[in-house]
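Contents: one structure, followed by commentary.
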Amino acid sequence: MTKTILATGGAGYIGSHICYELLAAGYQVVVLDDFSNSSAESIKRVARLTNGAPVLIKGDVRDAAILDHVFSENRIDAVIHLAGVKAVGESVQNPQKYYDINVSGSVNLFGSMQRHGVSNVVFSSSATVYGIPEISPLTEDMPANPLNPYGQTKLMVENILRDMTAANPHWRSLLLRYFNPVGAHASGQIGEDPNGIPDNLFPYIAMVANKKQPKLNVFGDDYDTADGTCIRDYIHVVDLARGHVKAVDYLLSDRATDNSAEMVNLGTDQGSSVFQVLKAWEAACGFEIPYRIAPRRAGDAPAYYADSRRAKALLGWQAEYDLARMCADHWHWQSKNPDGYGK
Ligand code: NAD
Ligand code: UDP
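Sequential numbering from 1 applies to the sequence shown in our numbering.
Next up, the structure:
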């Protein structure tokens with residue numbers, strides 16, 4: 001029988017790619033999203049691309065009544081919980097918003113799952129929980145030390161979910177720690193559509209490539225790395241989305257055990273510097289991306305990348321796409337949709 005997955009925040013950047021991959025893999029999908037950082041257009045496009053019929057419900061994860069309605073009206077087999085806010089800088093300025101949406105929203109969701117007997121959950125956590133690591137690759141058992149309220153909310157929800165999974169009969173959870181998701185679906189129909197001027201490297205370069213910003217500010221070229229710029233583990237959003245299908249497959253199989261909450265890194269295990277990313281973007285676009293060296297950004301870790309062996313062993317997943325493909329697909333989406341979904 002077809003299994004049904006609830007994706008909270010499913011209309012967003014990562015969520016829309018997950019919905020695509022779930023539908024392509026034969027799952028039915030229910031999306032709950034308040035569209036505070038997305039629009040229904042992404043899910044309409046996913047439906048068109050897959051010939052699928054995802055159910056789309058507008059609502060806030062902090063609203064218990066809407067959650068109870070979603071769980072009563074749909075027989076949900078597993079939840080992928082993506083809904084939340086994610087801007088590090090904003091979380092420092094307005095931590096209350098982050099604790100409210102990310103933590104209270106999650107507690108509310110887990111409470112509703114409990115009331116409706118839904119016991120499988122995948123949570124969107126982040127490599128940001130590791131803080132500024134001294135060594136890489138990062139394994140899941142390395143200490144967590146988030147440096148900002150956003151990272152704190154991710155670690156808190158991991159801990160809440162671990163406790164709830166231990167306490168509730170049949171609960172199974174996966175805490176997926178994403179490294180740096182970038183790129184877009186190969187169709188160029190769905191992709192990242194940030195509000196305002198983005199802080200992150202890929203969407204900022206995309207704006208420069210689209211002549212919406214004059215140049216990229218490279219935040220520091222005097223780090224102790226090969227070319228002096230910071231190193232991150234960029235992962236194609238399609239690889240990341242496929243990791244979620246594997247995660248749900250796993251939770252719904254007899255490979256998973258009840259009352260288990262596993263932390264799993266999702267990365268490529270490869271680090272790329274800002275200059276390497278810039279060069280890969282120039283190759284993808286076929287023209288130069290103007291840049292200048294700017295001061296370091298406060299709180300930036302010099303270098304880190306994942307060790308994703310647990311994802312391979314547990315879920316049978318590993319990333320397939322390289323940096324060239326990430327840049328090519330991100331640019332394909334952005335050049336076809338310079339104003340995103342036009343929301
Ligand atoms: P996104 O903003 O595109 O998606 C989040 C979605 O949640 C949006 O559609 C938004 O409208 C929705 N939403 C926000 N608050 C809500 C609420 N109260 N109720 C219901 N819906 C709500 O972001 P994304 O990049 O797709 O990130 C998805 C998840 O992955 C987030 O939890 C984020 O913290 C996590 N994550 C993202 C990254 C990244 O770099 N993009 C890295 C690590 C983890
Ligand atoms: N970065 C940059 N200019 C920008 C945005 C980011 O040089 O306009 C650098 C940033 O200092 C970091 C890397 O690019 O070293 C990745 O930044 P992003 O914000 O995308 O990811 P995060 O730092 O949160 O992992």
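Beta carbons: idealized from backbone N, C-alpha and C, even for Gly.
The structure displayed is predicted, hence computed values, not measured ones.
Open item on the list: Counting C-beta neighbours from all protein chains within 10 Å, is the total for Arg232 16 or more, i.e. buried, or is it exposed?
Closed with: Residue numbering aside, residue 232 sits at position 232 when the sequence shown is read from its first letter. Label assigned to Arg232: buried.
Open item on the list: If the criterion is Cβ atoms closer than 7 angstroms, does the pair Ser335 and Asn265 meet it?
Closed with: Residue 335 sits at position 335 when you count from the first residue of the sequence shown. Residue 265 sits at position 265 when you count from the first residue of the sequence shown. No, Cβ-Cβ distance for Ser335 and Asn265 is not below 7 angstroms.
Open item on the list: Shorter than 6 angstroms, the distance from the beta carbon of Leu147 to the closest heavy atom of the ligand NAD, or not?
Closed with: Here residue 147 refers to the residue found at position 147 when the sequence shown is read from its first residue. Because no heavy atom of the ligand NAD lies under 6 angstroms away, the Cβ of Leu147 does not count as near it: no.
Task: Glu192 (DSSP reduced to helix, strand or coil) - done: Sequence index remark: in the sequence shown, residue 192 carries index 192 (1-based). It is coil, neither helix nor strand.
TODO: Considering only heavy atoms of the ligand UDP, list every residue whose Cβ is less than 7 angstroms from one of them, following chain order.
DONE: Val88, Thr128, Asn180, Asp199, Asn200, Leu201, Phe202, Tyr204, Leu216, Asn217, Val218, Phe219, Gly220, Thr229, Cys230, Arg232, Val274, Arg297, Asp300
Task: Chain-order list of residues whose beta-carbon lies under 7 angstroms from that of Pro137 (same chain, five-residue window excluded) - done: Position 137 of the sequence shown, counting from 1, holds the residue named residue 137. The residues are Asp269, Tyr305, Ala306, Asp307.
Task: Extent of the continuous alpha helix (DSSP H) to which Arg242 belongs - done: Taking the first residue of the sequence shown as position 1, residue 242 is located at position 242. Unbroken alpha helix (DSSP H) run through Arg242: 237-251.
TODO: Look at the Cβ atom of Ser273, then the Cβ atom of Asp329, and state whether they are nearer than 7 angstroms.
DONE: One-based indexing of the sequence shown puts residue 273 at position 273. One-based indexing of the sequence shown puts residue 329 at position 329. In this structure, Asp329 does not lie closer than 7 angstroms to Ser273 by Cβ.
Task: Per-residue DSSP class, three states only, for Asp100 - done: Residue 100 sits at position 100 when you count from the first residue of the sequence shown. Three-state DSSP puts Asp100 in a helix.
TODO: Measure from the alpha carbon of Pro338 to the alpha carbon of each residue in Asp239, Lys212, Val70, Asn102, then state which is nearest.
DONE: Position 338 of the sequence shown, counted from the start, is the residue given in the question as residue 338. When each option's Cα is compared against that of Pro338, the closest is Lys212.
- [ ] State buried or exposed for Pro54, treating a residue as buried only when at least 16 other CB atoms are found within 10 Å of its CB.
- [x] Your numbering for residue 54 matches position 54 in the sequence shown. So Pro54 counts as buried.
Task: Alpha-carbon spacing of Tyr20 relative to Val29, whole angstroms - done: Against the sequence shown, residue 20 aligns to sequence position 20. Against the sequence shown, residue 29 aligns to sequence position 29. Tyr20 and Val29: Cα-Cα distance of roughly 9 angstroms.
- [ ] Compare the Cα-Cα distances from Gln189 to each of Phe275, Val248, Ile43, Ser36 and report the closest residue.
- [x] For the purposes of this step, residue 189 is taken as residue 189 along the sequence shown, with counting starting at 1. Considering only alpha carbons, the answer is Ile43.
- [ ] Count the CB pairs spanning the region 4-24 and the region 71-81 that are closer than 8 angstroms, and state whether there are at least three.
- [x] yes
- [ ] Give a single yes or no on whether Ile14 has its beta carbon closer than 6 angstroms to a heavy atom of the ligand NAD.
- [x] Along the sequence shown, one-based indexing puts residue 14 at 14. Ile14 Cβ: within cutoff of the ligand NAD.
Task: Residue span of the beta strand (DSSP E) that contains Glu90, given as start and end - done: Numbered from its first residue, the sequence shown carries residue 90 at position 90. Careful: Glu90 lies outside any beta strand (DSSP E), inside the alpha helix (DSSP H) at 88-93.
Open item on the list: Per the DSSP calculation, Ile197 is bridged to which residue(s)?
Closed with: The count along the sequence shown starts at 1 and reaches residue 197 at position 197. Paired residues: none, contrary to the question.
Task: According to DSSP, residues forming a beta bridge with Arg273 - done: Sequence index remark: in the sequence shown, residue 273 carries index 273 (1-based). Here residue 273 is Ser; the residue named in the question, Arg, does not match the sequence. DSSP, once it has assigned bridges, lists Ile231 as partnering Ser273.
TODO: In the DSSP assignment, find the beta strand (DSSP E) that holds Leu175 and state where it starts and stops.
DONE: Numbered from its first residue, the sequence shown carries residue 175 at position 175. Leu175 -> beta strand (DSSP E) spans 172-178.
Open item on the list: Am I right that Ala11 and Val31 are in contact with their C-beta atoms under 8 angstroms? What's the rounded C-beta distance?
Closed with: Counting from one through the sequence shown, the residue named residue 11 turns up at place 11. Counting from one through the sequence shown, the residue named residue 31 turns up at place 31. About 6 angstroms; that satisfies the 8 angstroms criterion.
Task: Residues sharing a beta bridge with Tyr291, DSSP - done: Working through the sequence shown from its first residue, we reach residue 291 at position 291. According to DSSP, which records beta bridges pairwise, Tyr291 is partnered with Leu216.
TODO: Using a threshold of 7 angstroms, state whether the C-beta atoms of Ala261 and Leu161 are closer than that.
DONE: Locating residue 261 in the sequence shown gives position 261, where the first residue counts as 1. Locating residue 161 in the sequence shown gives position 161, where the first residue counts as 1. Yes; because the gap between Cβ atoms is below 7 angstroms, this pair is in contact.
TODO: Between the Cα of Val237 and those of Cys285, Ala247, Ala184, spot the shortest distance and give me the residue it belongs to.
DONE: For the purposes of this step, residue 237 is taken as residue 237 along the sequence shown, with counting starting at 1. Closest option to Val237, Cα to Cα, is Ala184.
Task: For Pro181, three-class secondary structure by DSSP - done: Here residue 181 is taken as the residue at index 181 of the sequence shown, counted from 1. Of the three classes helix, strand and coil, the one that applies to Pro181 here is strand, per DSSP.
TODO: Decide if Ala166 is buried, meaning its Cβ has at least 16 other Cβ atoms within 10 Å, or exposed.
DONE: One-based indexing of the sequence shown puts residue 166 at position 166. Flag for Ala166 reads exposed.
Task: Reference Cys327, options Asp300, Ala283, Arg297, closest by Cα - done: Here residue 327 is taken as the residue at index 327 of the sequence shown, counted from 1. When each option's Cα is compared against that of Cys327, the closest is Ala283.
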